[in-house]
Every structure is written in structure tokens, then in C-alpha cells.
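Participant: Structure provided below as C-alpha cells; questions to follow.
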Amino acid sequence: MTKPDFLTITRAELRQYILEHREDEQALQIYIDRFQNPNNRVFPAPETIDDLENYPELHQENLERLHKQA
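For what it's worth, our numbering labels the leading residue of the sequence shown as 2, then goes sequentially.
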């Protein structure tokens, strides 16, 4: 079987291919590169228990931002 052209197939097609060929790391990396959202906020892992106190607030801010975009 020949691999599809990962740079031209649709997101749904590439996702389906990855689900059927979980060992194909190249396909997964291309999926991540093509379809990552540069506007997503990345939250660092908490270093201490005290850091966890801010996570509910950050999560709520993110939900409100997503709701405004919809």
C-alpha cells in the first residue's frame, strides 16, 4: 500500500489514516504541524500544589474566551 500525500489530503482523511496506522509517526507529526492552532494557550505544568490554585481561574478565562469567539 502506498502512503497518501499527507500535505494535500484533508484533515479528516489524515486523521482517519493515523487512526488506522498508529505506528506511522511521520503522519502524526505532519498532522500536528498542519493543524495546530497557533492561538491555543499553553499552560505550564504546575510545579507545586500552590500553583494548582490558579488553574481553575485560567480554565474559566479560556472557556469565556472560546465562548466569545463562537
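Each residue gets a CB set at the ideal place from its N, CA and C atoms; glycine is no exception.
1) With C-beta atoms as the reference, is residue 8 less than 7 Å away from residue 32?
2) Considering just the uninterrupted stretch of the alpha helix (DSSP H) at residue 68, what are its terminal residues?
3) Nearest to residue 24 by alpha carbon, out of 35, 40, 10 and 4?
4) Can you give me the C-alpha to C-alpha distance between residue 35 and residue 48, rounded to a whole angstrom?
5) Using the rule of at least 16 other Cβ atoms within 10 Å of the residue's Cβ for burial, across every protein chain shown, is residue 46 buried or exposed?
Facilitator: According to the structure shown:
1) Cβ atoms of residue 8 and residue 32: not closer than 7 Å.
2) The continuous alpha helix (DSSP H) containing residue 68 extends over residues 56-70.
3) For the residues 35, 40, 10 and 4, the minimum Cα distance to residue 24 belongs to 4.
4) So the alpha carbons of these two residues sit roughly 31 Å apart.
5) Burial call: exposed.
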